[in-house]
Amino acid sequence: MSTSFLKSIHHVAVICSDYKVSKAFYCDVLGLTIIAETYREQRDSYKLDLALPDGSQIELFSFPDAPPRPSYPEAQGLRHLAFSVDDIDLVVEYLQGLGVVVEPIRVDELTGKQFTFFSDPDGLPLELYQT
138 MSTSFLKSIH HVAVICSDYK VSKAFYCDVL GLTIIAETYR EQRDSYKLDL ALPDGSQIEL
198 FSFPDAPPRP SYPEAQGLRH LAFSVDDIDL VVEYLQGLGV VVEPIRVDEL TGKQFTFFSD
258 PDGLPLELYQ T
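For the sequence shown, the positions run 138 to 268 when this note's numbering is used.
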């Protein structure tokens, strides 16, 4: 087997504390498209499959009494979720117009590309990276 058998990221799973708030954020604010929404009665849990334009997906889960994940100070594990954008200034202006707090745009010293961070309703760090 080749060492390059991984082709792309298929999906990222996110557990939220308030399903309705997070669904509105990822759909209405970030503009992701709903693929499927499933209520799993035995788990008292929703699973929302969301699509990005490149075909990758975010799975949004709700679980009763899920513990919060520490983000600050940075904890071990997944650090953040980054989205590529064509025009970072335009996206930042759009998000700020909706009341989303966005950090100042910075330049990656290794790539020279612009990036910034904002958070989802549960404080999950999200990055915009201009490609």
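No residue lacks a Cβ here, since even glycine has one placed at the ideal position from N, Cα and C. All values derive from a computational prediction rather than experimental measurement.
Return yes when the Cβ of residue j is within less than 8 Å of the Cβ of residue i, no when it is not.
| i | j | result |
| --- | --- | --- |
| Pro241 | Thr253 | yes |
| Asp188 | Leu215 | Note that residue 188 is Ala in the sequence shown, not Asp. No, the Cβ-Cβ distance between Ala188 and Leu215 is not below 8 Å. |
| Leu186 | Ile172 | The question names Leu, yet the displayed sequence has Asp at residue 186. Cβ atoms of Asp186 and Ile172: closer than 8 Å. |
| Val229 | Val239 | yes |
| Ala203 | Ser154 | yes |
| Tyr183 | Tyr156 | yes |
| Phe255 | Leu235 | no |
Out of the options, state which residue places its alpha-carbon closest to the alpha-carbon of residue i.
| i | options | result |
| --- | --- | --- |
| Leu265 | Gln194, Phe200, Ala219 and Tyr176 | Ala219 |
| Thr175 | Gly168, Leu167, Ser199 and Cys164 | Ser199 |
| Pro207 | Arg243, Gly260 and Asp224 | Gly260 |
| Arg177 | Lys160, Pro201 and Ala161 | Pro201 |
Ordered along the chain, which non-local residues of its own chain (more than five positions away) have a Cβ less than 7 Å from that of residue i?
| i | result |
| --- | --- |
| Asp245 | Phe252 |
| Asp271 | Since the first and last residues shown for the chain are 138 and 268, residue 271 lies out of range. |
| Lys160 | Leu185 and Leu197 |
Please work out which residues of its chain come closer than 6 Å, Cβ to Cβ, to residue i, disregarding the five sequence neighbours upstream and downstream, and give them in chain order.
| i | result |
| --- | --- |
| Thr268 | Ser221 |
| Val158 | Pro258 |
| His148 | Gln194 and Glu196 |
Report the CB separation of residue i from residue j in whole angstroms; it is logged as a contact under 8 Å.
| i | j | result |
| --- | --- | --- |
| Val166 | Leu197 | Val166 to Leu197, Cβ: 13 Å. No contact. |
Short of 8 Å in beta carbon distance, which residues of its chain neighbour residue i, apart from the five on each side in sequence? Order them along the chain.
| i | result |
| --- | --- |
| Lys250 | Val244, Tyr266, Gln267 and Thr268 |
| Gln179 | none |
| His217 | Phe254, Leu261, Pro262, Leu263 and Glu264 |
Runs of beta strand (DSSP E) lying entirely within the region 153–215, each at least 3 residues, in chain order: You should have 170–177, 182–188 and 194–199.
Report the residue ranges of all beta strand (DSSP E) runs contained in full by the region 226–267; include only those spanning at least 3 residues, in chain order. Listed in chain order, the complete beta strand (DSSP E) runs (minimum 3 residues) inside the region 226–267 are 251–256 and 262–267.
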